[in-house]
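Accompanying notes for the structure given below.
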Amino acid sequence: MVEVAAMMIFKDVRRVFVTSDDNLVGVLLRKDIVNMIIRG
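Read the sequence shown against the working numbering and you will find it ends at 43, with the numbers running on by one and no gaps.
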């Protein structure tokens with residue numbers, strides 16, 4: 004279940020970077036998501 008959620012999150016992250024790779028908000032969102040995954 005966790006792996007599936009992580010895969011879905013990474014797909015969203017990839018989409019964010021593809022659509023707005025220069026967007027600072029996208030970078031901040033990715034950092035928040037990564038921190039969420041690390042903290043579990």
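For glycine and all other residues, C-beta sits at the position ideal for the given N, C-alpha and C. All values reported here derive from a predicted model rather than from experimental measurement.
Distance from the CA atom of valine 30 to the CA atom of arginine 17, rounded to whole angstroms, is 11 angstroms.
Straight across, the Cα-Cα distance linking isoleucine 12 with isoleucine 36 is about 8 angstroms.
In terms of Cβ geometry, alanine 9 and isoleucine 41 do not form a close pair [threshold 8 angstroms].
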